[in-house]
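Trainee: Protein chains in written order, with the numbering used here: chain Y, 713 to 1122; chain U, 34 to 283. My questions will all concern the structure given below.
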């Protein structure tokens, strides 16, 4: 066996230039795909963390059905003590309770319909970047404080400044009139147009009192920067919730914001469409090389057959040559791809016009590629499979050789 | 030949006259139903039940109306919301919350939001005159229901009408009582139905004392308004339909 490998290795280098050129094609393809997939996955990571970090969180505990029918009455009872329990049992601290309502908010001059969010003032900054994006004034101070923070565009539309009072008017959980007058203590600018234009935040206890919620709330938001931990954390949460209250469920970011998930999937599959075309082109060029190397050695194979080699063994030899060449080239190409990814991971990659596109998804203007098993190996392994299938054709051709005719071949 | 042209022409003319007079009839019926329902002015007391699968809420209220474009609603129970209310003048709507002692103007962009958490939208409460001015009416059918002549009218909002509906089907009897009002969306799907019942003679006219708004896709969710007291052609203090009256009930 060992001899056969050595044999194959020597055969590869009999035509150095051709081998090197083929290896370059494979290696370049591999490097390109490793880099592109790494870049794509890195971009998706940014999209996910951008959309979860800003406000929605990675996972939310909600009453079953709230996701599709966000009604005031679909609540979690004793939400704050449940959140405390979850913090304790999961050892994850980035958890905060929220209550969501809709109300008219009006200044002296104008009125707008907005989302009113009741937040746990102490924990909100762990699950959302909004408390850190206060552009003027300060964030909410205590769970029962009479305060509110509003988005910058909304402040502009309502023509209010810090300290001005705004009136909130909506419907409470029991259908009663929910009304409050609260001063603006802070103005945030999240970069998300929708949030900046149509959201106000007030302390959770103030919300519960205004909207007749008692100790109920609508969501327990959990943030974790590693979106890959979505499923394990979700099942851990389900394990805590199930025995307590079967009406509560853990909902992942992909369900809360299905649009982001769909656009990622669409982009990834259209990316792979291009990669498969690229791989097919590489494959055909390799197939050509192998076919050439078999055809030009017809005479040699004829002699080998005459010496008593079985056609199967010669076929194996050709496959071994293909395998060595491809693996060798793929290893180098993949290493180059990973190095490029690593370079941009450290230095960041940005290009013109990026900022505007990035703003739509609340992403930073630089992309950092992802370096993972998927980004580094999925492309090369696909190339390997394709090239080995391509090498099968010349290898099988050998079975048709007749020793005497082959030896006469020039 | 010439004879034929004249014949066709006169036929078209007649047809046109028939159509326009028919449209006028339908519009007149709607107008009379609205006039009948609201009168020149009215005062009424009513209770509103909002029903949901897991809860129910009952509110009591007093309602003052004048013409088709002015009304004032004041809540009398439950205690929590007592003295809260809404004032409507033409296209404008204001709400008052006693707890914070503020009047808020409801922007027209909110006209499809629920009124007081019920299945009625702000628009349903506010715009009685809109259906007269901004719609094209066609009489679809005339038939006898419970021995009364009943008209079924299709009302399609004009292009520029500020409404979300694709069409509305209104059933009116010959006492000008609105029996049924169906709201269809732009895709011709029935969204909600207002049904009137308990028709009584009050003074010299007939009105329905019970009205129920039912959303089509939630069988177990409805809002019912039952009128307990009603008086027509009442004279009001001229302050009645003002913001200060909304804020400080006397």
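Glycine residues also receive a C-beta, built at the ideal position from the N, C-alpha and C atoms.
(1) Hey, could you find the ends of the alpha helix (DSSP H) residue 125/U is sitting in?
(2) Just checking: is the beta-carbon of residue 158/U within a distance shorter than 8 Å of some beta-carbon in chain Y?
(3) For the beta strand (DSSP E) containing residue 265/U, list its first residue and its last residue.
(4) Can you tell me the Cα-Cα spacing of residue 1106/Y and residue 1008/Y, whole angstroms?
(5) Once the 5 residues before and after residue 836/Y are set aside, which same chain residues still bring their CB inside 7 Å of it?
(6) Going straight from the alpha carbon of residue 744/Y to that of residue 752/Y, what length do you get?
(7) Three or more beta-carbon pairs under 8 Å between the stretch 71-85 of chain U and the stretch 252-272 of chain U, yes or no?
(8) Quick one: what's residue 201/U bridged to in DSSP?
(9) Can you name the residues of chain A whose CB is closer than 7 Å to the CB of residue 893/Y?
(10) Tell me which residue opens and which closes the alpha helix (DSSP H) that residue 1165/Y is part of.
(11) With a threshold of 16 other CB atoms inside 10 Å of the CB of residue 184/U, please say whether the residue is buried or exposed.
(12) Can you tell me whether residue 792/Y is buried or exposed? The criterion is at least 16 other CB atoms within 10 Å of its CB, across all chains shown.
(13) Could you give the DSSP three-state label for residue 937/Y: helix, strand or coil?
(14) Give a yes or no on whether the minimum CB-CB distance between residue 887/Y and chain U is below 8 Å.
(15) Give the secondary structure of residue 143/U by DSSP, where H, G and I count as helix, E and B as strand, and everything else as coil.
(16) Evaluate contact between the stretch 862-872 of chain Y and the stretch 104-111 of chain U, counting only Cβ atoms and requiring at least three cross-stretch pairs below 8 Å.
(17) May I have the straight-line CA-CA distance separating residue 52/U from residue 267/U, to the nearest angstrom?
(18) Give a yes or no on whether the minimum CB-CB distance between residue 875/Y and chain U is below 8 Å.
(19) What are the boundary residues of the beta strand (DSSP E) that includes residue 97/U?
(20) In three-state terms, what does DSSP make of residue 860/Y?
(21) Along the chain, where does the beta strand (DSSP E) containing residue 246/U start, and where does it finish?
(22) Give the DSSP bridge partners of residue 961/Y, in chain order.
(23) Could you tell me which of 149/U, 250/U and 240/U sits nearest to residue 890/Y, measuring between CA atoms?
(24) What residues in its chain sit with their C-beta under 8 Å from that of residue 58/U, if we drop five residues either side in the sequence?
(25) Leaving out five residues before and five after residue 666/Y in sequence, what residues of the same chain have Cβ atoms less than 7 Å from its Cβ?
(26) Beta-carbon within less than 7 Å of residue 1066/Y's beta-carbon, same chain only, minus the 5 sequence neighbours each way: which residues are those?
(27) So if DSSP puts residue 81/U in a beta bridge, which residue, or which two residues, is it bridged to?
(28) What is the DSSP secondary structure of residue 894/Y, reduced to helix, strand or coil?
(29) Tell me which residues of the stretch 795-810 of chain Y have at least one Cβ-Cβ distance to chain U shorter than 7 Å, keeping chain order.
(30) Would you mind telling me which residues of chain Y sit closer than 9 Å to residue 59/U, beta carbon to beta carbon, in chain order?
(31) Within 8 Å of any Cβ in chain U, is that where the Cβ of residue 825/Y sits?
(32) Indicate whether residue 1080/Y and residue 1049/Y have their beta-carbon atoms separated by less than 8 Å.
(33) In whole angstroms, give me the CA-to-CA distance for residue 90/U and residue 749/Y.
(34) Are at least three pairs of beta-carbons, each pair with one atom in the stretch 208-218 of chain U and one in the stretch 136-149 of chain U, less than 8 Å apart?
(35) According to DSSP, which residues form a beta bridge with residue 913/Y?
(36) Quick one, which of 175/U, 121/U, 219/U and 214/U has its alpha-carbon nearest residue 229/U's?
Mentor: According to the structure data:
(1) Translated into the one-based positions of the second chain, residue 125/U becomes position 92. Counted as a single uninterrupted DSSP element, the stretch harbouring residue 125/U is not any alpha helix (DSSP H) but the beta strand (DSSP E) occupying residues 125-130.
(2) By 1-based counting over the second chain, the position of residue 158/U is 125. Not an interface residue.
(3) Here residue 265/U refers to the residue found at position 232 when the second chain is read from its first residue. For residue 265/U, the enclosing beta strand (DSSP E) has its first and last residue at 255-265.
(4) Position 394 of the first chain holds residue 1106/Y. Position 296 of the first chain holds residue 1008/Y. Those two C-alpha atoms are separated by around 12 Å.
(5) Reading the first chain from its first residue, position 124 is the one you call residue 836/Y. Closer than 7 Å at the Cβ level, and outside the excluded window around residue 836/Y, lie 808 and 843.
(6) Residue mapping note: residue 744/Y aligns to position 32 of the first chain, counting from 1. Residue mapping note: residue 752/Y aligns to position 40 of the first chain, counting from 1. CA-to-CA, the gap between residue 744/Y and residue 752/Y works out to about 12 Å.
(7) With a cut-off of 8 Å on Cβ pairs, the stretch 71-85 of chain U is in contact with the stretch 252-272 of chain U, counting three or more such pairs.
(8) Position 168 of the second chain holds residue 201/U. Beta-bridge partners of residue 201/U (DSSP): 188/U and 216/U.
(9) No chain A appears in this structure, whose protein chains are Y and U.
(10) Only positions 713 to 1122 of chain Y appear in the structure, and residue 1165/Y is not among them; the question remains open.
(11) Here residue 184/U corresponds to residue number 151 of the second chain, with the count starting at 1. Buried.
(12) Taking the first residue of the first chain as position 1, residue 792/Y is located at position 80. Flag for residue 792/Y reads buried.
(13) Position 225 of the first chain holds residue 937/Y. Residue state for residue 937/Y is assigned as coil, using DSSP reduced to three classes.
(14) The sequence position of residue 887/Y within the first chain is 175, counting from 1. Yes, residue 887/Y counts as interfacial toward chain U.
(15) On the second chain, position 110 is the one that residue 143/U refers to. If DSSP states are grouped into helix, strand and coil, residue 143/U belongs with the helices.
(16) Verdict: no, contact absent.
(17) Counting from 1 along the second chain, the entry for residue 52/U is found at position 19. Counting from 1 along the second chain, the entry for residue 267/U is found at position 234. For residue 52/U, the predicted structure reports a pLDDT of 49, less than 50, and the residue's modelled location is therefore unreliable. The matter cannot be settled from this model.
(18) Looking up residue 875/Y in the first chain gives position 163. No, because no Cβ of chain U sits closer than 8 Å to the Cβ of residue 875/Y.
(19) Counted from its first residue, the second chain places residue 97/U at position 64. That run of the beta strand (DSSP E) goes 88-99.
(20) In the first chain, residue 860/Y corresponds to position 148, counting from 1. Residue 860/Y: strand per DSSP, three-state reduction.
(21) If you number the second chain from 1, residue 246/U lands on position 213. Counting along the chain, the beta strand (DSSP E) containing residue 246/U begins and ends at 238-248.
(22) Your numbering for residue 961/Y matches position 249 in the first chain. In DSSP, residue 961/Y forms a bridge with 774/Y.
(23) Within the first chain, numbered from 1, the residue matching residue 890/Y stands at position 178. That would be 149/U, whose Cα lies nearest to the Cα of residue 890/Y.
(24) Position 25 of the second chain holds residue 58/U. Taken in chain order, the residues that qualify are 172.
(25) Since the first residue shown for chain Y is 713 and the last is 1122, residue 666/Y is missing from the structure and cannot be characterised.
(26) For the purposes of this step, residue 1066/Y is taken as residue 354 along the first chain, with counting starting at 1. Residues 1077 of the same chain have their beta carbon placed closer than 7 Å to that of residue 1066/Y, with the five preceding and five following residues left out of the count.
(27) Taking the second chain and counting its residues from 1, one reaches residue 81/U at position 48. Within the DSSP bridge table, the entry for residue 81/U names 92/U and 258/U as partners.
(28) Along the first chain, read from residue 1 onward, the residue named residue 894/Y stands at position 182. DSSP places residue 894/Y within a strand segment (E or B) once states are collapsed to three.
(29) Flagged: no residues at all.
(30) If you number the second chain from 1, residue 59/U lands on position 26. Under the 9 Å cutoff, chain Y gives no residues; its nearest Cβ is about 35 Å from residue 59/U.
(31) Against the first chain, residue 825/Y aligns to sequence position 113. Cβ-Cβ to chain U under 8 Å: yes for residue 825/Y.
(32) Along the first chain, one-based indexing puts residue 1080/Y at 368. Along the first chain, one-based indexing puts residue 1049/Y at 337. No. Outside cutoff.
(33) Within the second chain, residue 90/U is the residue found at index 57, counting from 1. Within the first chain, residue 749/Y is the residue found at index 37, counting from 1. Rounded to the nearest angstrom, the gap between the Cα atoms of residue 90/U and residue 749/Y is 57 Å.
(34) No: the two stretches stay apart, fewer than three of their Cβ pairs being nearer than 8 Å.
(35) Position 201 of the first chain, counted from the first residue, corresponds to residue 913/Y. Answer is 829/Y and 861/Y.
(36) Counting from one through the second chain, the residue named residue 229/U turns up at place 196. For residue 229/U, the nearest C-alpha among the options comes from 214/U.
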